[in-house]
Every structure is written in C-alpha cells, then in structure tokens.
Amino acid sequence: MVYVIGVAGFIGGFVLGLIALRYILKDRSKEDLLQDKSLRLYGAITWLLAALGGATAMACYTHFWG
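Residue numbering for the sequence shown follows numbering that gives the first Met the number 0, beginning at 0 and increasing consecutively.
If you want it as structure tokens, here you go:
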C-alpha cells in the first residue's frame, strides 16, 4: 500500500512542479524556451518536486498508518 501512496505523491508533486514551471516561465516565448540553453535547469524543478511529493506522501503514510 505504501507504494500506491508513494506513486500518488510522486504524481501530485510532478503536477505541482509543472504548475510552478508554468508560473515561473509564463513571460517567455515558445522560441525563447526552445533556444535558450540556460533554461534547462528549470526542468529539474519538476523532478525535484515530484521526488519530494513521493517522499512526503510515504513519510506521512508510515507515520500515521504504518
């Protein structure tokens, strides 16, 4: 069951990461996003929030129901 909670937290964190990127990069044009190599670092934000979401969900599950 903890794996289901972890996957749900990972997906939730991934969605939050995409929302954060949309907010952070809302003023950039499509061409700017495709050509500017310095913006690649922002992709890590999504994966970091996804990992944190999964870890947080599993920690909460084991703390309250484990």
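Think of the CB as a built atom: it goes at the ideal place given N, C-alpha and C, for glycine as much as any other residue.
Item	Value
Beta-carbon gap between Thr61 and Gly16 smaller than 9 Å	no
Ile18 to Val6 span [Cα, whole Å]	18 Å
Neighbour flag for Glu30 against chain B, beta carbons, 9 Å	As a matter of chain content, chain B is missing from the structure shown, which is built from one protein chain.
Three-state secondary structure assigned by DSSP to Gly52	helix
Identity of the residue in Val3, Ile4, Met0 and Leu20 nearest Leu48 by Cα	Leu20
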